[in-house]
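Below you'll find the structure, written out as structure tokens, and then a few comments.
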Amino acid sequence: MSDTARSVAEIMNGLRVVTALLRTAEHAWPQGLREELGGLDAPESEALAALLHRSTHETANQLAEALREIDKLLAQVQVRRKFAHFNAQQFDRIVRQGWSLPLVQELQGELPASNLSELSAQMKQVCQEWALLR
């Protein structure tokens, strides 16, 4: 990794810090704007309030949603990595179709070195772990 490269975990932590800072700013800007305006009834105050709201509240919400989606995708990658002996197409068939004896037998034909009962147990585990991610 180069000096500027960061792990995904470090990047995610940084984005969580940014989200927290936006949440803090979201709660602080109304008072700050009142103080900035000093009681002045300026026509720009509505536009300022809208921009501050959008810049803090809406941005924090969008970032938090993106973080949830990234976390889910990373968890899915971890499950795929754990069961890397299944290729992508086999894995997708398992999670799409669920466990069934015909699918176990079909995949054993594709993975002849696999023990039928172990293959069956692994497929059940894939289904269970994938279901927890939904």
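Just so we're aligned: the sequence shown equals residues 9 to 142 in this note's numbering. For each residue, glycine too, the CB sits at the ideal point set by N, CA and C.
A contact is defined here as three or more CB-CB pairs under 8 Å, and the region 109-121 fails this definition with respect to the region 56-75.
A contact between stretches requires three or more CB pairs, one per stretch, nearer than 8 Å, and the region 29-41 meets this requirement with the region 49-64.
Contact between the region 127-142 and the region 75-87 is established, with three or more Cβ pairs separated by less than 8 Å. Between Ala50 and Leu29, the alpha-carbon positions lie close to 28 Å from each other. Straight-line measurement puts the Cα of Thr27 at about 24 Å from the Cα of Arg42. Cα atoms of Ala129 and Ala58: separation of roughly 55 Å, rounded to the nearest angstrom.
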